[in-house]
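Chains as they are written, first to last, in the working numbering: chain A, 593 to 980; chain B, 3 to 343; chain C, 18 to 154.
Note that the Cβ used here is the ideal one computed from N, Cα and C, for glycine as well.
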Amino acid sequence: MEKVAIIGIGQTKFGEHWKYSLRDLMAEAGKKAVDDCGIAGKEIQAIYGGTMSAGRMIGQEHIGALIADAMGLTPIPSTRVENACASGGTALREAYLAVSGGHYDMVVAGGVEKMTDVYTDQASLALGGAADQEWEVFFGATFPSLYALIAKRHMYEYGTTEEQLARVAVKNHHNGALNPLAQFPFEVSIEQVMESPKVAEPLKLLDCSPITDGAAAVILANEETAKKIADTPVWINGSGQASDTLALHDRTNICTLNASVVAGKKAMKQAGVTPKQIDLAEVHDCFTIAEICAIEDLGFVKKGEGGKSMEDGMFDLNSSISINPSGGLKACGHPVGATGVKQAVEIAEHLRGEAGKRQVENVEIALTHNVGGSGASCVVHVFSRGGN
Amino acid sequence: MSVGIVGYGAYVPRYRIKVEEIAAIWGKNPEDYKKGLKVAEKSVPGVDEDAATIAVQCARNALDMTGIDPQNIGAVYVGSESHPYAVKPTGTIVAEAINATPELTSADYEFACKAGTAAMQVCMALVKSDMIEYGLAVGADTSQGRPGDALEYTAAAGGAAFLIGKDPLVEIEHTCSFTTDTPDFWRREGQEYPRHGARFTGEPAYFRHVISATKLLLDKTGTSINDYDFVVFHQPNGKFPLKAGKRLGIPPEKMLPGLLVNKIGNTYSGATPLGLAAILDQAEKGDRILATSFGSGAGSDSFALKVLKKIENPHPVKKYIENKKYLNYGEYVKHRRKIKM
Amino acid sequence: MPHRKSLGLVWRRIPQRYRLMGTKCFTCGSHFFPPRPWCPKCRRKGKIEKHKMKGRGKIHSYTIVNVPQQGFDLEVPYILAIIELLEGPKLTAEITNTEPEHVSIGMPVKMVFRKISEDGDSGIIHYGYKFEPELKE
Numbered sequence: 593m594e595k596v597a598i599i600g601i602g603q604t605k606f607g608e609h610w611k612y613s614l615r616d617l618m619a620e621a622g623k624k625a626v627d628d629c630g631i632a633g634k635e636i637q638a639i640y641g642g643t644m645s646a647g648r649m650i651g652q653e654h655i656g657a658l659i660a661d662a663m664g665l666t667p668i669p670s671t672r673v674e675n676a677c678a679s680g681g682t683a684l685r686e687a688y689l690a691v692s693g694g695h696y697d698m699v700v701a702g703g704v705e706k707m708t709d710v711y712t713d714q715a716s717l718a719l720g721g722a723a724d725q726e727w728e729v730f731f732g733a734t735f736p737s738l739y740a741l742i743a744k745r746h747m748y749e750y751g752t753t754e755e756q757l758a759r760v761a762v763k764n765h766h767n768g769a770l771n772p773l774a775q776f777p778f779e780v781s782i783e784q785v786m787e788s789p790k791v792a793e794p795l796k797l798l799d800c801s802p803i804t805d806g807a808a809a810v811i812l813a814n815e816e817t818a819k820k821i822a823d824t825p826v827w828i829n830g831s832g833q834a835s836d837t838l839a840l841h842d843r844t845n846i847c848t849l850n851a852s853v854v855a856g857k858k859a860m861k862q863a864g865v866t867p868k869q870i871d872l873a874e875v876h877d878c879f880t881i882a883e884i885c886a887i888e889d890l891g892f893v894k895k896g897e898g899g900k901s902m903e904d905g906m907f908d909l910n911s912s913i914s915i916n917p918s919g920g921l922k923a924c925g926h927p928v929g930a931t932g933v934k935q936a937v938e939i940a941e942h943l944r945g946e947a948g949k950r951q952v953e954n955v956e957i958a959l960t961h962n963v964g965g966s967g968a969s970c971v972v973h974v975f976s977r978g979g980n
Numbered sequence: 003m004s005v006g007i008v009g010y011g012a013y014v015p016r017y018r019i020k021v022e023e024i025a026a027i028w029g030k031n032p033e034d035y036k037k038g039l040k041v042a043e044k045s046v047p048g049v050d051e052d053a054a055t056i057a058v059q060c061a062r063n064a065l066d067m068t069g070i071d072p073q074n075i076g077a078v079y080v081g082s083e084s085h086p087y088a089v090k091p092t093g094t095i096v097a098e099a100i101n102a103t104p105e106l107t108s109a110d111y112e113f114a115c116k117a118g119t120a121a122m123q124v125c126m127a128l129v130k131s132d133m134i135e136y137g138l139a140v141g142a143d144t145s146q147g148r149p150g151d152a153l154e155y156t157a158a159a160g161g162a163a164f165l166i167g168k169d170p171l172v173e174i175e176h177t178c179s180f181t182t183d184t185p186d187f188w189r190r191e192g193q194e195y196p197r198h199g200a201r202f203t204g205e206p207a208y209f210r211h212v213i214s215a216t217k218l219l220l221d222k223t224g225t226s227i228n229d230y231d232f233v234v235f236h237q238p239n240g241k242f243p244l245k246a247g248k249r250l251g252i253p254p255e256k257m258l259p260g261l262l263v264n265k266i267g268n269t270y271s272g273a274t275p276l277g278l279a280a281i282l283d284q285a286e287k288g289d290r291i292l293a294t295s296f297g298s299g300a301g302s303d304s305f306a307l308k309v310l311k312k313i314e315n316p317h318p319v320k321k322y323i324e325n326k327k328y329l330n331y332g333e334y335v336k337h338r339r340k341i342k343m
Numbered sequence: 018m019p020h021r022k023s024l025g026l027v028w029r030r031i032p033q034r035y036r037l038m039g040t041k042c043f044t045c046g047s048h049f050f051p052p053r054p055w056c057p058k059c060r061r062k063g064k065i066e067k068h069k070m071k072g073r074g075k076i077h078s079y080t081i082v083n084v085p086q087q088g089f090d091l092e093v094p095y096i097l098a099i100i101e102l103l104e105g106p107k108l109t110a111e112i113t114n115t116e117p118e119h120v121s122i123g124m125p126v127k128m129v130f131r132k133i134s135e136d137g138d139s140g141i142i143h144y145g146y147k148f149e150p151e152l153k154e
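What follows is the structure, given as structure tokens:
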């Protein structure tokens, strides 16, 4: 297996881009990534593009070719990867596998979603495509309601409180306020979260990630190529992916996202690290409860202790593990297909020491965690800085 | 071999609206309606209920009482004036929901408020002629009155189902009908609300048909009112059935157990079946019951019934009548989908 | 425009949605709803047959939905729950015939037949299961 490094990164501002289309956003992120590593572009041999619902959101399928076209990279092979909200992370993994398997020297993994070209209810309906249409959505389930079912049970089993959930939003908004590309770069208080409109009890508006436009891209290369081009390559040391039942109700324990547990273990095992060694993680906080589950399922804390340790500030910026320095999906925004790639962009910035005001100090090992649906898909990557 | 009711089930949605609440909207004195109609409140379906869901609940309750395999039901007939579809049967929905499909016959009945009892007669005939083993007859409605119309105070929702077969709990000793073309109440194709003949619905329609059918039944069976322990008539309001009973010399106490309109309103096709179900809930072995329905347009079906066995494990009507939640008028119009969206 | 469900999409699920028709493996006794055509535990040794669930169970988790799924506007706020059936399988359904303040985890519920959604004013009505608190007699 070839060693694989991230040698170029690019991300658009996340938010409501009324002036820009999916094509514009992807082109911007792609160009930034190419410029970042100072290549011409012709060195790139393949494209993996993650997007969840371009067909429902903008009526456009065939996104693989669209990305190659937008980035001016035709005629190289270009493939769309879809894995619901984990589309970006899965695109990154497919790109990683292609390079580590020796098929290509250099590829690009992109992720993009244009969500504001449809009305909010249509966007919600499209996102519902990540849940089980026949056995959940048909009966009235919405995405927030599925995570609310997890939250309610988590509260019942472990005594997790709504304030502890709110603490996730407060932390991520604090981080997002330091991120110039975040959709919501401002602080919120526990009271503001608690008093925000109810969406699906116990989840309130400020427990939910927003609807966002945006794109991100990373350029991956094998060791030989990376060492030639990059001053500070960011190594991908482990990659894990797992699946679970499409419907939440089919799981033995709805408070554990088993796909997170399995993908996390695989990625960390490959990288030869334990959860304790992780300095920084970008985890999938589509809802505040999702971050609580993530830090438990990844082994940062024991099952049931997520809420309490969140309250204790264990995951604040520059604490024992900095979780979601970008602001997470909550404050940075969640352009679904872009999120998994953006997480890698964020990690790379920290490992290179280029994350500005939100820079986490002394980062050696970092992790990204990208979830599809209510946990039916999960992709985890482990990264490190420097020679290894 | 006698034929009759082998199981029965009733259902009334839990929502209610009081006469006061409706009267206040239209600037009327509620006491006028409460006295004039002898109705205090009426049932209202949930936003997720219609005549089909009510019919299914009734049918399941009826099956619950018996050990009958629904696959042995050979006919499902649902009588209603509020079938969810103008074209496409309610009966197939019910048959599928209770696992009676596919070897059975089905059709929907409509005869204003007596479609449910018409279904009972047909099931009885099919069982008696050995064409089927069991037949399911349901009367269920979510009736609608035009906002502001007198009907709005009474048009209610509910139903009851009867499983008809041999070796019954309650024998149907005899049934007969009295039918004429009398236009006292109607709804034209494509119209949302029915119209009615106001006072015309009384003498030439309700009283003539209910009294004639009842007399016909007594004649044909050679019985008198004294032979019956309970009597139930169609109940569009609280006044009509007692008035008809008075003319026939029926003591009110024989009618009160089956008189539900004061508490739930007029459940149309469900009315006589629900009244009969309430009587069966308290009837004892050997009791005889006289039931006469009325459907505008117009006709009455009259039944002489006799309880042959102890009735065990019914889902009592009382349980549904007592389980209630009041709506205000705004909630009521939302429930009845009268708000244009 | 709401996402219109084709007739086949709705029709083929009638046995499950109207009457909780699932399957049972007679080798290991496991019940499956929605039905599985083979037993994941016994695989080749499994003996799968149709089996109707009794329609009784208890609430495993629930939420009060304030921002509804499209087509559920009239029901807001509605109670959505994961219900654990007596036979073992869990499913997602609305709790009807009650108010949020009366619902709790572990509460016994039974299946009722309700309108779930409809294809506009002129299209097909989609019926299916919801659950209600067990009524005391």
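Limits of the unbroken alpha helix (DSSP H) element including residue i
i        : result
A/THR682 : 679 to 692
A/HIS942 : 928 to 944
B/GLN59  : 53 to 67
B/VAL212 : 210 to 223
B/PHE242 : 242 to 249
C/PHE130 : Premise fails: C/PHE130 lies in the beta strand (DSSP E), 125 to 135, not in any alpha helix (DSSP H).
B/LEU264 : A quick correction: the sequence has Asn, not Leu, at residue 264 of chain B. From DSSP, the alpha helix (DSSP H) with B/ASN264 extends over 263 to 266.
C/ARG34  : 31 to 36
Beta-bridge partners of residue i, as assigned by DSSP
i        : result
A/GLU705 : A/GLY806
B/ASP143 : B/GLY160
B/ILE19  : B/LYS44
A/GLN603 : A/ALA808
CA-to-CA distance, residue j to residue i, given in whole angstroms
i        : j        : result
A/TRP827 : A/MET698 : 14 Å
B/ILE227 : B/LEU310 : 19 Å
B/ALA57  : B/VAL80  : 7 Å
A/THR643 : A/GLY703 : 6 Å
C/PRO19  : A/CYS800 : Per-residue confidence for C/PRO19 stands at a pLDDT of 46, beneath the threshold of 50, marking its modelled position as unreliable; no derived number is given.
C/LYS75  : C/PRO125 : 4 Å
B/ALA279 : C/LEU97  : 33 Å
B/MET257 : B/TYR10  : 20 Å
C/LEU91  : C/LYS132 : 12 Å
C/LYS41  : C/GLU66  : 5 Å
C/MET70  : B/ILE7   : 27 Å
A/LEU719 : A/PHE735 : 7 Å
A/HIS973 : A/THR960 : 5 Å
A/ILE870 : A/ALA859 : 12 Å
B/VAL41  : A/LEU757 : 51 Å
Limits of the unbroken beta strand (DSSP E) element including residue i
i        : result
C/TYR146 : 142 to 150
A/HIS876 : It is not in any beta strand (DSSP E) - A/HIS876 carries neither H nor E in the DSSP assignment.
A/GLY832 : 826 to 835
A/HIS973 : 969 to 977
Reference residue i; option with closest CA among the options
i        : options                                   : result
B/LEU171 : B/LYS265, B/VAL233, B/ILE291 and B/ALA273 : B/ILE291
C/LYS147 : C/SER78, C/LYS62, C/ASN114 and C/THR80    : C/ASN114
A/ALA863 : A/CYS878, A/VAL853 and A/GLY830           : A/GLY830
B/ASP110 : B/PRO86, B/ALA127 and B/ALA102            : B/PRO86
C/PRO51  : C/ARG29, C/GLY140 and C/THR44             : C/ARG29
C/VAL129 : B/ILE281, B/SER304 and B/GLU51            : B/GLU51
B/GLU83  : B/LYS312, B/THR68, B/GLY76 and B/PHE113   : B/PHE113
A/ILE668 : A/CYS677, A/GLU635, A/LEU689 and A/ALA882 : A/GLU635
* Report the residues of the segment 34 to 55 of chain C with a CB closer than 9 Å to any CB of chain B, ordered along the chain. => Of all residues in the segment 34 to 55 of chain C, TYR35, ARG36 and MET38 have a Cβ within less than 9 Å of some Cβ in chain B.
* Of the residues that make up the segment 83 to 109 of chain B, which ones have a beta carbon closer than 8 Å to any beta carbon in chain C? -> Contacts with chain C (Cβ-Cβ distance below 8 Å) from the segment 83 to 109 of chain B involve PRO86, TYR87, ILE95, GLU98, ALA99, ILE100 and ASN101, listed in chain order.
* Report the residues of the segment 129 to 144 of chain C with a CB closer than 7 Å to any CB of chain B, ordered along the chain. => Of all residues in the segment 129 to 144 of chain C, only VAL129, PHE130, ARG131, LYS132, ILE142 and TYR144 come within less than 7 Å of chain B when Cβ atoms are compared, listed by chain position.
* **Interface residues of the segment 911 to 937 of chain A facing chain C [CB-CB below 8 Å]** => The residues in question: there are none.
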